[in-house]
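Trainee:
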Amino acid sequence: MSNKRDYYEVLGVSKSASADEIKKAYRKKAMEFHPDRNKDNPDAERLFKEAAEAFDVLKDPDKRARYDQFGHQGLHSGGFREPDFQGFSMDDIFSQFGDIFGQDIFGGGRTRSRGRRSAGQPGDDMKLHLKLSLEDIAFGVEKKIKVKKHLKCSSCNGTGAETNDDFMTCSTCNGMGEVRQVSRTMFGQFVNVQPCPTCHGEGRVVKNKCKSCSGEGRIKGEETVKVKIPSGVGKGNYLTLRGQGNAGLRGGQAGDLIVIIEELEHEFFERKGDDIFYDSQISVADAILGTEIEVPTLKGKAKLRVDPGTQPGKLLRMRDKGIKTLNSNQFGDQYVRINVHIPDQLTKEEKEKVETLRKSPNFDPASKLERNKGFFTRFKEAFS
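Terminal number for the sequence shown in the numbering used here: 664, no gaps in between.
Next up, the structure:
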């Protein structure tokens with residue numbers, strides 16, 4: 281179990297906080313605990329990095345949803361990794377979240393580095409719906425899925441060029457990947473920064489394009505992806521597989537593959553949380569006299585004792601026969617709901633036997649009610 285503080289508590293926001301509120305809260309905390317401003321506080325750097333970890337999760341919709349549902353443990357599975365900035369330097373954190381602060385906000389001369397952008401453009405994320413049986417969900421499973429997507433071109437190794445010498449610096453932006461337009465108005469000078477229209481922000485162009493991929497660095501294809509499904513997931517849960525989506529253009533970072541869980545309807549069981557329910561029918565005689573029945577479970581068949589006088593609708597509990605709880609070694613239970621079969625067609629001889637039983641006080645519900653009433657009357661008199 282993680283011993284880290286709740287991320288909402290770290291930033292001092294509510295769980296319903298908007299993205300802007302989270303961003304402002306992190307900026308405030310970072311300013312408050314920045315080591316340059318707290319030279320006499322030995323805990324300042326730790327608190328600064330703790331705020332950075334919290335912001336890293338809560339600013340990302342996927343991570344935040346996973347954290348809201350499963351807490352810190354939810355960031356250790358399904359393609360997620362809980363952030364840990366304790367080993368990061370201050371420059372590492374500013375490099376990652378520099379746009380939150382702008383320039384020189386702490387007076388330390390830190391600025392966002394500008395210059396030639398990384399080659400390529402990122403690939404698109406993909407969504408895939410995966411249907412799982414209750415048995416798969418109960419114990420966890422690893423699935424192999426064939427995914428049609430953009431793959432990195434093997435001929436050019438994703439560069440989009442025939443050779444490594446077939447690149448040249450973009451003449452429009454001089455390798456910066458962006459162009460600036462300066463306009464002067466009565467309110468002052470405005471600078472508009474846009475991605476370079478020639479190289480699309482890459483800072484370089486291809487002279488001789490790869491013939492296999494026409495210079496894109498990727499081709500359409502199919503790939504088998506392994507997905508490890510933890511036990512206890514449910515409909516609407518999803519797993520994010522980082523870098524398993526569409527390949528990027530010309531060496532750009534691949535997108536993510538988001539696997540959305542769907543549950544197949546089970547032949548016997550109804551799921552409620554980690555518990556499962558099964559309906560069993562027994563005869564009137566078995567309900568009266570008691571019996572032993574055989575019922576299915578998620579691991580096969582099992583025997584279950586039905587006590588004499590069991591009433592219709594009673595739930596019999598089978599401990600730890602349900603679904604394994606997410607990120608835990610505990611199991612839910614299986615409940616067997618007893619239904620009593622009432623025959624609607626009887627022979628003459630059977631009718632005569634039932635008619636005889638009808639005259640017995642034990643078969644008269646009014647008689648049982650009267651006995652219970654008498655018991656409660658005597659109980660009340662004894663303690664009055």
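Ideal Cβ positions, reconstructed from N, Cα and C, are used throughout, including at glycine.
For Lys-353, which residues from the same chain have a beta carbon less than 6 Å from its beta carbon, with the 5 sequence-adjacent residues on both sides left out?
Mentor: It should be pointed out that residue 353 corresponds to Gln in this sequence rather than to Lys. If we look at Gln-353 and ignore the five residues flanking it on each side, its Cβ neighbours are Asn-607.
Trainee: Go ahead and pull the three-state DSSP assignment for Ala-534.
Mentor: Reduced to three states, the DSSP call for Ala-534 is coil.
Trainee: Could you tell me the distance, in whole angstroms, from the CA atom of Glu-496 to the CA atom of Gly-438?
Mentor: Whole-angstrom Cα-Cα distance: 8 Å.
Trainee: Can you tell which of Gly-516, Pro-576 and Asp-536 has the C-alpha that lies nearest to the C-alpha of Gln-349?
Mentor: Of Gly-516, Pro-576 and Asp-536, the residue nearest in Cα terms is Gly-516.
Trainee: So what does DSSP say about Glu-496, is it helix, strand or coil?
Mentor: Note: Glu-496 maps to coil in three-state DSSP.
Trainee: Which residue from His-430, Gly-351, Gly-481 and Thr-504 puts its Cα closest to that of Lys-424?
Mentor: Taking only the C-alpha atoms, the option nearest Lys-424 is Thr-504.
Trainee: What is the residue span of the alpha helix (DSSP H) that Met-311 lies within?
Mentor: Per DSSP, Met-311 belongs to the alpha helix (DSSP H) from 299-313.
Trainee: Label Asp-536 either buried or exposed according to how many other C-beta atoms from any shown protein chain fall within 10 Å of its C-beta, with 16 as the threshold for buried.
Mentor: When all chains shown are included, Asp-536 counts as buried.
Trainee: By DSSP, does Thr-571 sit in helix, in strand, or in coil?
Mentor: Thr-571: strand per DSSP, three-state reduction.
Trainee: With C-beta atoms as the reference, is His-430 less than 8 Å away from Asn-526?
Mentor: Contact: yes.
Trainee: Can you check DSSP and say which residues form a bridge with Gly-501?
Mentor: BP columns for Gly-501 point to Lys-429.
Trainee: For Gly-406, does the count of other Cβ atoms within 10 angstroms reach 16, so buried, or fall short, so exposed?
Mentor: What sits at residue 406 in the sequence shown is Met, not Gly. Buried, by the Cβ-count rule.
Trainee: For Val-427, collect the residues of the same chain with a Cβ closer than 8 Å to its Cβ; drop the 5 residues on either side in sequence, then sort them by chain order.
Mentor: Met-406, Leu-408, Glu-502, Glu-503, Thr-504, Val-505, Gln-524 and Leu-537, listed in sequence order.
Trainee: If you drop the 5 nearest sequence neighbours on each side, which residues of the same chain put their C-beta closer than 8 Å to that of Gly-457?
Mentor: Excluding residues within five positions, the ones whose Cβ falls inside 8 Å are Arg-396, Arg-397, Cys-450, Pro-475, Cys-476, Cys-479, Gly-481, Glu-482 and Gly-483.
Trainee: Does Gln-614 pass the burial test, meaning 16 or more other C-beta atoms within 10 Å, or should it be called exposed?
Mentor: Per the 10 Å Cβ criterion, buried.
Trainee: If you draw a straight line from the alpha carbon of Lys-339 to that of Lys-303, how long is it in whole angstroms?
Mentor: For Lys-339 and Lys-303, the distance between alpha carbons rounds to 7 Å.
Trainee: Excluding the 5 residues preceding and the 5 following His-621 in the sequence, name in chain order all residues of the same chain whose CB lies nearer than 8 Å to its CB.
Mentor: Correct list, in chain order: Gln-561, Ile-562, Ser-563 and Val-564.
Trainee: Does the distance from the CB of Met-598 to the CB of Val-586 come in under 8 Å?
Mentor: Contact: no.
Trainee: The alpha helix (DSSP H) with Ile-417 in it runs from where to where?
Mentor: It spans 414-419 - the alpha helix (DSSP H) in which Ile-417 sits, taken as one unbroken run.
Trainee: How many Å lie between Leu-291 and Pro-341 at the Cα?
Mentor: Near 16 Å, if we compare the C-alpha coordinates of Pro-341 and Leu-291.
Trainee: Nearest to Gly-512 by CA position, among Ile-499, Lys-489, Arg-498 and Glu-543, is which residue?
Mentor: Ranking Ile-499, Lys-489, Arg-498 and Glu-543 by Cα distance to Gly-512 puts Glu-543 first.
Trainee: So, helix, strand or coil for Val-513, using DSSP?
Mentor: Val-513: coil per DSSP, three-state reduction.
Trainee: Restricting to Cα atoms, I'd like to know which of Asp-624, Leu-626, Ser-434 and Pro-645 is closest to Ser-494.
Mentor: Out of Asp-624, Leu-626, Ser-434 and Pro-645, Ser-434 has the C-alpha closest to the C-alpha of Ser-494.
Trainee: Any idea which residues DSSP pairs Arg-344 with across the strands?
Mentor: Arg-344 is not bridged to any residue.
Trainee: Here's the rule I'm using: 16 or more other beta-carbon atoms within 10 Å means buried, otherwise exposed. How should Pro-588 be labelled?
Mentor: Classification for Pro-588: exposed.
Trainee: Taking the alpha carbon of Phe-548 as the point to measure from, which residue in Gly-602, Ile-568 and Ile-540 has its own alpha carbon closest?
Mentor: The residue with the shortest Cα to Cα distance from Phe-548 is Gly-602.
Trainee: Suppose you measure from the CA of Gly-665 to the CA of Asn-454; what does that come to, to the nearest Å?
Mentor: Outside the shown range of the chain (281 to 664) lies residue 665, about which nothing can therefore be said.
Trainee: Would you kindly work out how many angstroms separate the C-alpha atoms of Gly-528 and Gly-400, rounded to a whole number?
Mentor: So the alpha carbons of these two residues sit roughly 7 Å apart.
Trainee: Can you give me the Cβ contacts of Asp-600 inside the same chain, cut-off strictly under 7 Å, excluding the 5 residues immediately before and after it?
Mentor: Correct list, in chain order: Phe-611 and Asp-613.
Trainee: If you draw a straight line from the C-alpha of Arg-344 to the C-alpha of Tyr-287, how long is it?
Mentor: Each residue's alpha carbon lies about 10 Å from the other.
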